[in-house]
Amino acid sequence: HLKRKRSWAAGVNDLWAVDQHDKWKYKFGLALHSGIDPFVGRIQWMKIWWTTVIPDSYFSYYLDTVQERGCEFNPCVGSCRLANGHTLLRHWHDRSLRGTLQHRWMKEKKNVMPEIGWSQLRHRLTPGFEGILDLGVNQGWYDPSVLLQ
């Protein structure tokens with residue numbers, strides 16, 4: 001059952017929705033993180049790492065992408081790091097912005113686009129990719145308990 005949701009953004013790069021996906025975390029030791037511009041549906045980043053609970057890694061994904069784009073995030077630990085880092089960078093480059101917030105908090109869940117992205121990933125990529133990961137585990141090529149391989 002699908003519910004229609006409305007997402008509002010002033011334009012491209014006005015808002016980025018950020019989310020994580022832990023479906024492979026317990027089986028394969030892999031976690032995914034994405035940032036999507038819902039205005040155009042563009043995936044800004046999709047990263048695979050061993051965890052989704054290190055806010056510094058979220059900020060590094062943002063920094064890798066921010067040279068080209070802008071952002072807005074939902075309030076949580078990782079997002080606070082992203083939002084505060086974004087504000088710090090804006091203050092650093094424009095002293096007239098000091099003392100101002102350079103991000104807007106979304107009070108309701110607004111990560112509809114990442115959820116759609118994860119759904120597409122689960123239906124299109126996951127079956128084949130999980131087969132490859134299973135083969136690697138079964139053949140001893142990949143060990144999910146070893147974090148850095």
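Residue 141 in the numbering used here sits at position 141 of the sequence shown, with consecutive numbering throughout.
C-beta: ideal position from N, C-alpha, C; glycine also.
The model shown is predicted, which means the values in this text are computed figures rather than measured ones.
**OP:** Go ahead and pull the three-state DSSP assignment for I43.
**Re:** Residue state for I43 is assigned as strand, using DSSP reduced to three classes.
**OP:** Kindly say whether D134, judged by its beta-carbon, lies nearer than 9 Å to any beta-carbon of chain B.
**Re:** The structure shown contains no chain B, having only a single protein chain.
Original post:
So, is Y26 buried or exposed, given that buried needs 16 or more other C-beta atoms within 10 angstroms?
Top reply: So Y26 counts as exposed.
Original post:
When you compare each of D94, F39, G117 and L32 to A50 by their alpha carbons, which one comes out closest?
Top reply: Checking the sequence, you will find Trp at residue 50 rather than Ala. Of the candidates D94, F39, G117 and L32, the residue whose Cα lies closest to the Cα of W50 is L32.
Subject >> Same chain, Cβ closer than 6 Å to L30, five either side skipped, listed in chain order >> reply: Excluding sequence neighbours, L30 sits near W24 and I48.
Original post:
What first and last residue would you give for the beta strand (DSSP E) that runs through L32?
Top reply: Where L32 is concerned, the enclosing beta strand (DSSP E) stretches over A31 to D37.
Original post:
Just the Cα atoms here: how many angstroms apart are F59 and G99?
Top reply: Taking the straight line from one Cα to the other gives about 21 Å.
**OP:** Note down the Cα distance separating F129 from V66, rounded to an integer number of angstroms.
**Re:** Whole-angstrom Cα-Cα distance: 29 Å.
Subject >> Backbone secondary structure at W141 - three-state DSSP >> reply: The answer is coil: DSSP assigns W141 none of H, G, I, E or B.
Original post:
Mind checking whether Y62 and G41 have CB atoms under 9 Å apart?
Top reply: No, the Cβ-Cβ distance between Y62 and G41 is not below 9 Å.
Original post:
Do you know how far the Cα of R90 is from the Cα of L97?
Top reply: If you draw a straight line from the Cα of L97 to the Cα of R90, it is about 7 Å long.
Subject >> Terminal residues of the beta strand (DSSP E) in which V18 lies >> reply: V18 -> beta strand (DSSP E) spans A17 to H21.
Subject >> Supposed close pair G136, I43 - CB separation, criterion 8 Å >> reply: Between G136 and I43 the beta-carbon gap is near 25 Å, outside 8 Å, which marks them as no contact.
Subject >> Cα-Cα separation, P144 to R122 >> reply: Whole-angstrom Cα-Cα distance: 20 Å.
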